[in-house]
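Novice: In the numbering used here, the protein residues as written are 16 to 71.
In this text, a Cβ means the ideal position worked out from N, Cα and C, and glycines have one as well.
Here the structure is a predicted model, which is why all the values come from computation and not from measurement.
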């Protein structure tokens with residue numbers, strides 16, 4: 016299920032539960048997905064940050 020944060024970010028319902036239980040306001044930047052990690056690695060690879068080394 017999807018939970019919508021105050022800033023409009025759509026996250027898993029579990030994050031919404033944490034927000035309520037801890038009485039804190041979370042934002043979309045408090046959530047990371049595998050896709051975001053992959054995109055970050057791909058961007059760095061295309062920019063040449065890994066200097067041709069294998070990324071694992």
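#1: Could you tell me the alpha carbon to alpha carbon distance between residue 41 and residue 21, rounded to whole angstroms?
#2: Considering residue 53, what are the terminal residues of the alpha helix (DSSP H) in which it resides?
#3: Would you mind reading off the limits of the beta strand (DSSP E) that contains residue 65?
#4: Quick one: using the 10 Å Cβ neighbour count with 16 as the cut-off for buried, is residue 26 buried or exposed?
Specialist: In terms of the structure at hand:
#1: On the chain shown, position 26 is the one that residue 41 refers to. On the chain shown, position 6 is the one that residue 21 refers to. Each residue's alpha carbon lies about 8 angstroms from the other.
#2: Numbered from 1 along the chain shown, position 38 holds the residue referred to as residue 53. First-last of the alpha helix (DSSP H) with residue 53: 49-62.
#3: Looking up residue 65 in the chain shown gives position 50. Element bounds for residue 65: n/a, residue is neither H nor E.
#4: Locating residue 26 in the chain shown gives position 11, where the first residue counts as 1. When all chains shown are included, residue 26 counts as buried.
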